[in-house]
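**Student:**
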Amino acid sequence: SQQGEEDPQALSIQEGENATMNCSYKTSINNLQWYRQNSGRGLVHLILIRSNEREKHSGRLRVTLDTSKKSSSLLITASRAADTASYFCASLGAQKLVFGQGTRLTINP
Amino acid sequence: GAVVSQHPSWVICKSGTSVKIECRSLDFQATTMFWYRQFPKQSLMLMATSNEGSKATYEQGVEKDKFLINHASLTLSTLTVTSAHPEDSSFYICSAGRVTGELFFGEGSRLTVL
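Okay, here's the thing in structure tokens:
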């Protein structure tokens, strides 16, 4: 399978709590990206972390990358109902962007 | 930011017909375009990579005679689903890449084959 793994597959939390999603990939990468997708819509690029970076922040988002374990995590702090969506990691290697299986995040008001 | 346009955004067709989906980069020249397929509640599966002026590279298990990809210019790639069947019903998404390596995604095209 070309895809990496993401966990959890589904996550439901209360508004205001933090949400953490994890992703693993299979091959060497140039960078790893996180995307968000609302139901039935296209992808929104959230953040990109390069292979030589270990952590990156953007607003309420924090991404980590561990190339030795071929894994990454996305933390969304102080979650809001509008954060409800599916989140995908995507690893860029060999000129191809390969997506993880995604985490469906539900924020309960 | 850069914009990638897909058309049509949704299409319904009869089994056996062919459907063409267009992917355009509106404000930049895309050296590479990627086509993905997404089934309900699943992730995006890369179908093929197309480079302007050359043949597309298909992923394992994707029938190149079934899914015809043409990347005739630096701003346009098309995916034609030939002799579509109900199992081809899916959400098709393209992405276009700049020389800098940035990728931009279209809004997707939902195909329903009756």
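The listed protein sequences derive, respectively, from chains A and B. Count the first sequence with our numbering and you get residues 106 to 214, in order. Count the second sequence with our numbering and you get residues 325 to 438, in order. By construction, the Cβ of each residue, glycine as well, lies at the ideal position given by its N, Cα and C atoms.
Under 9 Å between beta-carbons, which chain A residues line up against F429(B)? List them in chain order, please.
**Tutor:** Those within 9 Å of F429(B) in chain A are Y140, G147, L148, V149 and H150.
**Student:** Kindly indicate which three-state DSSP category E411(B) falls into: helix, strand or coil?
**Tutor:** Looking at E411(B) - three-state DSSP - the assignment turns out to be helix.
**Student:** Examine chain A for any beta-carbon lying closer than 8 Å to the beta-carbon of F391(B), and answer yes or no.
**Tutor:** Cβ-Cβ to chain A under 8 Å: no for F391(B).
**Student:** Within the present structure, is the beta-carbon of F415(B) separated from the nearest heavy atom of the ligand HEM by less than 7 Å?
**Tutor:** This structure lacks the ligand HEM, and indeed carries no ligand of any kind.
**Student:** Less than 8 Å between the CB atoms is what I'm expecting for W359(B) and I393(B), so what's the real figure, rounded?
**Tutor:** Sure, about 6 Å apart at Cβ, within 8 Å.
**Student:** Are the C-beta of K174(A) and some C-beta of chain B separated by less than 8 Å?
**Tutor:** With 8 Å as the cut-off, K174(A) does not count as an interface residue toward chain B.
**Student:** Does the beta carbon of T211(A) come closer than 8 Å to any beta carbon on chain B?
**Tutor:** Not closer than 8 Å to any Cβ of chain B, the Cβ of T211(A) fails to qualify, so no.
**Student:** Under 8 Å between C-beta atoms, does Q206(A) make it to chain B?
**Tutor:** Judged by the 8 Å Cβ criterion, Q206(A) is in contact with chain B.
**Student:** Helix, strand or coil for A380(B)? Go by DSSP, reduced to three states.
**Tutor:** Three-state DSSP puts A380(B) in coil, outside helix and strand.
**Student:** Got a sec: is the Cβ-Cβ distance from I345(B) to anything in chain A below 8 Å?
**Tutor:** With 8 Å as the cut-off, I345(B) does not count as an interface residue toward chain A.
**Student:** Taking Cβ positions only, does L368(B) come closer than 8 Å to chain A?
**Tutor:** So yes, L368(B) belongs to the interface.
**Student:** G207(A): which of G145(A), C128(A) and G121(A) sits nearest, CA to CA?
**Tutor:** Of G145(A), C128(A) and G121(A), the residue nearest in Cα terms is C128(A).
**Student:** Give the straight-line distance between the Cα atoms of R348(B) and S401(B), rounded to the nearest whole angstrom.
**Tutor:** Going by the C-alpha atoms only, they are around 7 Å apart.
**Student:** From this set, K365(B), N375(B) and E411(B), which residue's C-alpha is nearest K390(B)'s C-alpha?
**Tutor:** The option with the nearest alpha carbon to K390(B) is E411(B).
**Student:** Please check the pair A183(A) and R165(A), which I expect to be a contact at CB under 8 Å, by giving their CB distance rounded to whole angstroms.
**Tutor:** About 6 Å; that satisfies the 8 Å criterion.
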